[in-house]
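Numbering (my numbering), first residue to last: -7 to 147.
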């Protein structure tokens, strides 16, 4: 069991979808079951990989892939529902993990992943601004010292 909500939700989505894939294969539905199985397990895999990213950009890239995959999983769920391959209860149960639903106060993977990406991007922007600000201060101090040094010899 993972120690964070995002990992728990994505793992549960993967387990639930893999169980659905088993049911679909028993009904001889292989095309969509393969696709939804790949997309749902990719969500969990990319979230797990993001924890050991090489840097912020890699971290954000992994979560953006997870975000795309959770959207794709939602698409396959809707297609399965509309073609009567799954019932409405199964569709709603699994789709709640993929989409935001303010009525039942869930914290879906889509919402959490989006928030994490936005927070990290904001941190990168802030770090860049601080780095430029610090660079400006250092440059300003160097110029001030340089001008002060030559002002000593002016008179």
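By construction, the Cβ of each residue, glycine as well, lies at the ideal position given by its N, Cα and C atoms.
{"Asked": "Inter-residue spacing [alpha-carbon to alpha-carbon] between residue 66 and residue 45", "Found": "26 Å"}
{"Asked": "Exposed unless 16 or more other CB atoms sit within 10 angstroms - verdict on residue 23", "Found": "exposed"}
{"Asked": "Residue from 16, 29, 42 and 19 with nearest C-alpha to residue 4", "Found": "29"}
{"Asked": "Touch test, the region 5 to 15 against the region 33 to 49, Cβ-Cβ under 8 Å, three pairs minimum", "Found": "yes"}
{"Asked": "Residue 70 vs residue 31 beta-carbon contact at 7 Å", "Found": "no"}
{"Asked": "Candidates 90, 89, 88 and 82: closest to residue 148 by CA position", "Found": "Residue 148 is absent from the structure shown; the chain starts at -7 and stops at 147."}
{"Asked": "Top-ranked residue by Cα proximity to residue 73, from 26, 62, 87 and 61", "Found": "87"}
{"Asked": "Counted within 10 angstroms of its Cβ, other Cβ atoms place residue 58 as buried (16 or more) or exposed", "Found": "buried"}
{"Asked": "Where residue 47 falls: helix, strand or coil (DSSP)", "Found": "coil"}
{"Asked": "For residue 76, the nearest candidate out of 19, 11 and -2 (CA to CA)", "Found": "19"}
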